[in-house]
Each structure stands twice: as structure tokens, then as C-alpha cells.
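Below: one structure, written as C-alpha cells.
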Amino acid sequence: MAWRRLTALPRMSLRALPAVSLGVNIVNVKRVACSSANKEDEKPADKQADYWISGVSQGCNKTLPCTFDLYGGVMVDPATVPAEQDAFRTILASSLDEWMKRGKQGVWLRLDISAAALVPIAISEFGFEYHHAERDYVMMTKWLPSNCPNTLPHNASHTIGVGALVTNSEGKILLAREKSGPAARSKVWKIPTGLVDAGEDLHEAALREVKEETGIDATFEYCGAFTMSHGGNLAHANKSNLFFVVKCKALTTEIQLCESEIADARWFSKEEWLTRMEKGSIWYELNQSALDAEAVVSMKSLPWGRSRPGVSRLFFCPVRRSAL
């Protein structure tokens, strides 16, 4: 699952990879004196991870176990960070000194909730900065060189949203009314929508949202248009958003509401749906792109190539709807 998340982050620079576990598990490493046995050119066992990183270090009495990326970055193994504060200070100081001597650039330090007491030390005593946080950890970074600008990537800048235009065998369209949020305040009927989760493909997110909100099982057909907005919302302040509409075909028709989120959901004829849409608005055009457009976006899986055997990516390409 961790590798699946890794391949689902095209919007971030490769140097943001420390937020993803690469499976380098060195929990009970006995620290020894640094020697030629602890070399950076030790390769990871995972051949897919080998594409992203240049080597690993098991650590010693001077350095923390870590992974080295292809940009001169150091990714500290969070499982090996000492819980005792003085021990943390000592090993972090010597690690930074050693990595600077090796010409390393950015250091990525992940501290789990259990190590929260170490966060002020890393910031106030060693100059680390916040990069991002999840429910169970905070990621911090430190730029080592003093003679060149910090080129570490910022935190993820975009969220991805998806809406599913679902039709049944009669051509009716599935619409819902939400219980909370701007759409609820406006009392609009809308297609099921939601954010795409990390590690989730666009069509998977659309089908999940349909199932969660209405209980309807559906299958993906093709993608319509998309739009982009900036500024975010209260949860994602100052972020940008890409919103896609996809066309789905219902496999079941009995609606089962998600009572915590959805006030109502029904099947509407196309004529009924059109009376609820503001013609010329971006939402009208987005929905029309999935319903009646001559050209749509198809999806297929293609191999990465010889440099990464066994790896494939989804390829989205415009086609005539009649060709599907």
C-alpha cells in the first residue's frame, strides 16, 4: 500500500518522497562505529524503490539510519529516532555534521506523535522547519548548504476533486442534496462529489463517492472535462484544486442514503435535470461534457518502459464518444 501511495503523487516533486514509507525498516539496529561497512551505495532490496533513491545507511554511533535520494537529500528513518531528548540532541547534531561533510543538501525528519516532545528541539536548536503534517506525524526539513538557495519542494499545492455523473438503464441521472456545506445552504441538487484520496485513482474515487453517498454500485465509462480553482477552503487554505467530472453507469438502482452527509438522493430524467441547471455556468458545461459531448476522455493502462519493468500508469486521452 505504501508503494501504491508513492506512485500516486505526480503533482509533487520526487524530492517530497520522505512523506512516504519506502519499507526501510531498521527498528532494532545496534549502533556501531562508522566504518566502510556503512556506505551510501548500499542499495535497497526493493527494486522499485531503487528507482527513486541512491542508497541507504544503517546508521552508526554518529549518524541516524537513513535513506539517500537522488537529489542529495537525506530521509531519516523515523522508527530509529531516540525518544530520550539528550540522546536525540547528540545523534542529530553528529548526523547533521556528518551529512554536511558528505555534501548532502536537504534533510527530511519525520517525528511521530509519540516523539512530539522532540519537535521544539529540532526547530529551536537545529533550525528545522515544518513541511507538512498528517494525523500521526509531522515532517520537518533542514537545508544544509549555506552557499546555495533552498530548493526543497513545498508541501502539496493541490487537492483533486471528482464528480460522478451516473445514469441508469432508463437514462435517468443520479442527483443528491447534501446536509451541510455551501451546497446544502443553496439547497441544490448535484451529482455525487468528493476528494480523491492518496493512492486512489480518479475513477476509483468517483465510484467510491457514489457508493458512500447513495449506496449505488456503478461502473466507470469515461472522463469529461475538468476545471481549476485557487484559494482553497477552510480545510485547505491557499491551496489550488483540480475538479474532474466522470461518466458512470449504474449497476444497481435502489438508493441507500448516507444519513450523516446526504439529505436526499433521487433519479431525475434529463429534462428534470436541465431545469435545475444554470445554462452557461461552469457546472452546467462540466456536467454536459460527461453527458452529451462528442469528445470525451478515455482511460487505459500503459507500461512505464524499460527503465521500470512491471510498472504501469493510467493514460488519459481524448477520443470520440462513438469510438468507445
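Residue numbers for the sequence shown, in mature numbering (1 follows the signal peptide of the UniProt record, and there is no 0): -23 to -1, 1 to 301.
Backbone N, C-alpha and C define an ideal beta-carbon position, used for all residues, glycine too.
Bear in mind that the values here come from a model prediction, so they are computed numbers and not experimental data.
Y261 - containing alpha helix (DSSP H), residue span: I259 to L268
When you compare the CB positions of V143 and C200, do they come within less than 7 Å of one another, or not? no
Grab me the residues of T136's own chain with a C-beta within less than 7 Å of its C-beta, minus the 5 sequence neighbours each way, in chain order. L172, H213, K216 and N218
Best match in G36, S246 and I68 for proximity to L151 [C-alpha to C-alpha]: S246
Are A227 and N145 close, meaning C-beta to C-beta below 7 Å? Closer than 7 Å, so yes.
On the three-pair Cβ rule with 8 Å, is the region 86 to 93 touching the region 50 to 60? yes
Span of the alpha helix (DSSP H) holding P97? V96 to S101
In angstroms with no decimal places, state the Cα-to-Cα distance between L184 and I168. Rounded to whole angstroms, L184 to I168 spans 12 Å at the Cα level.
Within 7 Å, strictly: CB atoms of H109 and N124: no
According to DSSP, which residues form a beta bridge with S206? N218
CB E190 to CB A153, shorter than 7 Å? yes
Contact check, L47 vs G83, beta carbons under 7 Å: no
Out of S163, L301 and I98, which has the shortest C-alpha to C-alpha gap to M117? I98
Could you tell me the distance, in whole angstroms, from the CA atom of A182 to the CA atom of K81? 39 Å
Which full runs of the beta strand (DSSP E) of 3+ residues lie inside the region 83 to 153, going along the chain? The beta strand (DSSP E) runs of length 3 or more contained entirely in the region 83 to 153 are, from start to end of the chain, 83 to 89, 106 to 111, 114 to 120 and 135 to 144.
Please classify L291: is it buried, with 16 or more other beta-carbons within 10 angstroms of its beta-carbon, or exposed? exposed
Does the Cβ-Cβ distance between D194 and T229 come in under 7 Å? A Cβ-Cβ contact shorter than 7 Å links D194 with T229.
How close, in whole Å, do the beta carbons of T44 and S72 come, if the pair is a contact with beta carbons under 8 Å? Contact between T44 and S72 fails: their C-beta atoms lie close to 13 Å from each other, not under 8 Å.
Within a Cβ cutoff of 8 Å, which residues of the same chain sit near W281, ignoring the five residues on either side of it in sequence? V288, S289 and R290
Assuming V222 and L263 form a contact by the criterion Cβ under 8 Å, report the distance between their Cβ atoms to the nearest whole angstrom. So it is a contact: roughly 5 Å between Cβ atoms.
Distance, Cα to Cα, I100 vs Y114? 15 Å
Enumerate in chain order the residues of its own chain whose CB-to-CB distance from P295 is below 6 Å, with the five nearest sequence positions on each side excluded. A272 and V274
DSSP three-state call for W76: helix, strand or coil? helix
Does the separation of the CB atoms of W85 and M52 fall below 7 Å? M52 sits close to W85, with the two beta carbons spaced by under 7 Å.
Quick check on DSSP: helix, strand or coil for S284? Looking at S284 - three-state DSSP - the assignment turns out to be coil, as it is neither helix nor strand.
Might you give, ordered along the chain, the residues of its own chain that have their beta carbon closer than 6 Å to the beta carbon of L95, omitting 5 neighbours on each side? F65 and L88
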